[in-house]
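Chains as they are written, first to last, in our numbering: chain A, 1384 to 1688; chain B, 1384 to 1688; chain C, 1384 to 1688. Note that beta-carbon positions come from the ideal geometry of N, C-alpha and C, so glycine has one too. A short worksheet on the structure shown next.
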Amino acid sequence: MKHLLAAADLSPTEIRFLMDAAKKFSTVDSAPLLQGKTIVNLFFENSTRTRTSFEVAIRKLGAGALNFAASTSSVAKGETLIDTAKNIEAMGPHAIIVRHASAGSPLFLSKNVSVPVINAGDGFHEHPTQALLDLYTMEEKLGDVKGKRVVILGDIAHSRVARSNIHILRKMGASVAVCAPPTLLPPVPETLGVDFAYRPEELLREADVVMCLRIQLERQNRMQLPSLAEYTAFWGLSRERAKLLKPGAIVLHPGPVNRGVELDTEVADGPRSAILNQVYNGVLVRMAVLATVMDRPKLEKWMKG
Amino acid sequence: MKHLLAAADLSPTEIRFLMDAAKKFSTVDSAPLLQGKTIVNLFFENSTRTRTSFEVAIRKLGAGALNFAASTSSVAKGETLIDTAKNIEAMGPHAIIVRHASAGSPLFLSKNVSVPVINAGDGFHEHPTQALLDLYTMEEKLGDVKGKRVVILGDIAHSRVARSNIHILRKMGASVAVCAPPTLLPPVPETLGVDFAYRPEELLREADVVMCLRIQLERQNRMQLPSLAEYTAFWGLSRERAKLLKPGAIVLHPGPVNRGVELDTEVADGPRSAILNQVYNGVLVRMAVLATVMDRPKLEKWMKG
Amino acid sequence: MKHLLAAADLSPTEIRFLMDAAKKFSTVDSAPLLQGKTIVNLFFENSTRTRTSFEVAIRKLGAGALNFAASTSSVAKGETLIDTAKNIEAMGPHAIIVRHASAGSPLFLSKNVSVPVINAGDGFHEHPTQALLDLYTMEEKLGDVKGKRVVILGDIAHSRVARSNIHILRKMGASVAVCAPPTLLPPVPETLGVDFAYRPEELLREADVVMCLRIQLERQNRMQLPSLAEYTAFWGLSRERAKLLKPGAIVLHPGPVNRGVELDTEVADGPRSAILNQVYNGVLVRMAVLATVMDRPKLEKWMKG
């Protein structure tokens, strides 16, 4: 595992190893496994939240973070992705974390630089560290996800979070169903290899996990979304709708939450919500990913010690 | 003292302790009392100057600073203050420094997160570290402020700096007078518990300290400010007007200075000016505040050692 | 050498010392010569690339970098350069790196603060660390530049890179020729003390180094540039034109490259290109500059040890 480009690339063994490493990191305040290393946050899309999570992970590993916000960089002057990357590589960092609006950018990068590349979200393609932290949170709350039912609710068609989660959950033996208005489902939902329904009521009773996706409000202007009120009325996880859930079922959301749209405040802040656990676990999982791709022997030794 | 939310909350004993700690910090280049800690700068308002001062203080204490500029964050996507704060807290920082346009935000935050919160300016309410550094500078230049006369000149109505200073100076036994055009005084100035005058000439002769506040140029458009030329002519601390001051009286300004508006360049750069001392002392006072709220026992031990 | 303000100020002995120091830094991963020091990046012009190079250099020397992006600072509120600098100085950094649109700003700064000032580009004046890294790259590829022919191609009139290179190359005994459309040459090119030609074909055959400058696309709007297509056709380093070069001649570019404008992709990525070496060497040279102006005795001791 030289890079982390896509959840689709990971074997169940690799996923298990990352979960074990993250769990081990949860037992310590910090673990200077990457002391003296420099890691670049190359973000072509704005995301203070994900960038900060990586930055905290980098520091807890004893490494240094270099933030390279592409909007204020040469990219604005028309530089190509590959030139930006080559230039950054020439400055000698030890890994590059990349977020980019184009699907496949991290793969492209990984073929053109010699250091590990970590995908922090690429277009509609994948967001593998999000899916890993979601898995970690499910295991923390429910134990092994094998045989568990995970319902993903929201904009499936445009969600890299859904895509990465489907890959990882299927590999780990969970059963996945997705639910969205027809305009926010892929044209042929069967190709995702999961069950689907147009109405949440068909799925909620059997769910162990409900993952509400963030609604990108700009979709409404593109005619892909009914009115927000309609979305909330029919697909939002309201207090009423949440009552359909089994005891013990949990609610996830990748954040930031549009309160009152994807889910009611009572649900977001209620006992089923594991949303803040996701944020906390994000740091642990990102520590695991960084330490694995950058110095797995040292990580394994530390995990045993 | 778990948080620093408002100068109004501080007792004279606490203020004295912070002054003593700041003075002790002035004798060393750095003091790694907070090694391994991470402190978030959560700035919803732009302020490179205050943020940098905190950042230098954080580093001198051996801690790490995480800058979270809210304009480029999820807040721009409509996230609520409380969600932003909860998310930041979930990433595991050890304190949060917050600047926000709404009065009371730091208090609100402090009730919703478990780590210390430091107010770096909230609306028209308070800016306690500014008032503490002002006090430190006065004591450095004039000794005990008890019985000293401090004249605050400028936009009293909208100034959190004035408000925090009035609280601290009164607690420490100084006598305060404010002076502004009628539109820039509160409707009932007596409620501030200080003397006031509409013309600086009435106050300058007796002043030990003149604190010129920054004029927010946008007030002019809101009809709260006479023309700048008129403000300068009647309320600016001109070279001529500064001649009214007693020997030894000092001039302060929270910066950045509008030269030729609030005070003449000759005054800003003259022997009475302690403006750059304020900047220098700002780092010391912020070190004192951070060390006090985050690990007072360690600070006290270090001060004795 | 208290500051680095201009290549014009450097003696051949000082240049040689900086090259030797940079070479020594190329043999180590890091060298904590400036541990505990804080260095401010005061950038009034956006330049993620140069700033990042300095930031990497600062970290490799064990120091801390404080980024002070002037667009988001008090400067936007109308503060003067000198006030910004005095305020930054009062916070106690150990050196200031400045980039500013006005020629002479670093000199002005150096006369008003007590810490070393390093020029990271000032208007059309100088960019000395760029010229030093260019020299380092030439020496690395070609050995001593004495007697070598360096051809600079592009917007000579507005290029601080060209100006700094001409100073350094002449001091080190290289022979320099410049080439540009008449509108992008200074009115009296002879004052540069170098040869010049309007067409690259007159110079390329004899060149040991071709340095292509970046074309600022906005010049086209100001009528200083023929159409980009015309520029590329007559002054671009095309694959065809590059065939005129001697074996062993190298191609440099300060970046970011406008591929297909200043030079063809085949040339930028071809065996003659030393463009990425420039980026890599930039970190080494900046380490040398910082260590020299901030603690030369320690640097010299380290170089011997």
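Between the CA atoms of ILE1535 of chain A and VAL1559 of chain A - distance to the nearest angstrom
8 Å
Between ASN1429 of chain A and chain C, is any beta-carbon pair separated by less than 8 Å?
no
How far does the alpha helix (DSSP H) with MET1670 of chain B in it reach, from first residue to last?
1658 to 1687
Residue-level contact to chain A via CB, GLY1447 of chain B, 8 Å cutoff:
yes
C-alpha distance - LYS1469 of chain C paired with LEU1425 of chain A, whole-angstrom precision
33 Å
Which residues DSSP lists as bridging ASP1351 of chain A, in chain order:
As displayed, chain A neither begins before 1384 nor continues past 1688, which places residue 1351 of chain A out of reach and without an answer.
Hey, out of A:GLY1419, A:HIS1541, A:ASP1527 and A:THR1421, whose CA is closest to ARG1399 of chain A's CA?
A:ASP1527
If we ignore side chains and look at the alpha-carbon of each, how far apart do GLU1585 of chain B and PRO1564 of chain B end up?
13 Å
How would you label LEU1673 of chain A, buried or exposed, when you count the other beta carbons within 10 angstroms and need 16 or more for buried?
buried
Is there contact here, the region 1631 to 1639 of chain C with the region 1590 to 1601 of chain C, by at least three beta-carbon pairs under 8 Å?
yes
Using only alpha-carbon positions, find the residue among C:MET1670, C:PRO1499, C:PHE1507 and C:PRO1609 that is nearest to THR1410 of chain C.
C:MET1670
Counting contacts by CB-CB distance shorter than 8 Å, is MET1474 of chain A in contact with chain C?
yes
Can a CB atom of chain B be found closer than 8 Å to the CB of ASP1466 of chain C?
yes
Can you pull the chain C neighbours of VAL1640 of chain B, defined as C-beta to C-beta under 7 Å?
ASP1466
Please determine if the region 1386 to 1398 of chain A and the region 1653 to 1664 of chain A are in contact, where contact requires at least 3 C-beta pairs separated by less than 8 Å.
no
So ASN1450 of chain A is in the beta strand (DSSP E); what residue range does that whole segment cover?
1447 to 1452
So, does the CB of ARG1553 of chain B fall closer than 8 Å to a CB anywhere in chain C?
no
Using CA atoms only, rank isn't needed, just tell me which of C:LEU1552, C:GLN1418 and C:ALA1545 is closest to GLY1530 of chain C.
C:LEU1552
Interface residues of chain B facing VAL1662 of chain A [CB-CB closer than 9 Å]
LYS1469, ASN1470, ILE1471, GLU1472, ALA1473 and MET1474
Hey, would you say MET1521 of chain C sits closer than 8 Å to VAL1592 of chain C, going by beta carbons?
yes
Mind checking the region 1408 to 1440 of chain B against chain A and listing, in chain order, the residues whose C-beta falls within less than 8 Å of any C-beta there?
GLY1419 and THR1421
What is the DSSP secondary structure of ASP1466 of chain A, reduced to helix, strand or coil?
helix
Taking GLY1576 of chain B as the reference, which of B:LEU1449, B:PRO1583 and B:LYS1554 has the closest Cα?
B:LYS1554
Out of B:ASP1412, B:PHE1427, B:LEU1682 and B:GLU1589, state which residue places its alpha-carbon closest to the alpha-carbon of ALA1486 of chain B.
B:PHE1427
Output needed for GLN1661 of chain B: all residues of its chain with C-beta closer than 8 Å, excluding positions within five of it in sequence on either side, in chain order.
LEU1516, ASP1517, THR1520, LEU1635, HIS1636, PRO1637 and GLY1638
Would you call the CB atoms of ASN1664 of chain A and GLU1509 of chain A closer than 8 Å?
no
Excluding the five sequence neighbours on either side, which residues of its own chain have a C-beta within less than 6 Å of the C-beta of VAL1533 of chain B, listed in chain order?
LEU1552, ALA1557, VAL1559 and VAL1592
To the nearest angstrom, how far is the alpha carbon of VAL1481 of chain C from that of ILE1422 of chain C?
11 Å
Tell me the residue span of the alpha helix (DSSP H) that contains THR1566 of chain B.
Element bounds for THR1566 of chain B: n/a, residue is neither H nor E.
Measuring CA to CA, which of A:LYS1626, A:ARG1624 and A:GLY1619 is closest to ASN1641 of chain A?
A:GLY1619
Could you check if ARG1624 of chain B is buried or exposed, using at least 16 other CB atoms within 10 Å of its CB as the buried criterion?
buried
By a C-beta neighbour count over all protein chains shown, 10 Å radius and 16 as the cutoff for buried, is ARG1412 of chain A buried or exposed?
A small fix is needed here, since residue 1412 of chain A is Asp in this sequence, not Arg. Exposed is the call here.
Name, please, each residue of chain A whose Cβ falls closer than 7 Å to the Cβ of PHE1451 of chain B.
THR1431 and THR1435
Quick one: what does DSSP say ILE1398 of chain A is sitting in, helix, strand or coil?
helix
For the alpha helix (DSSP H) that contains HIS1550 of chain A, what are its first and last residues?
1543 to 1554
Is THR1463 of chain C close to chain B, meaning its C-beta is less than 8 Å from at least one C-beta of that chain?
yes
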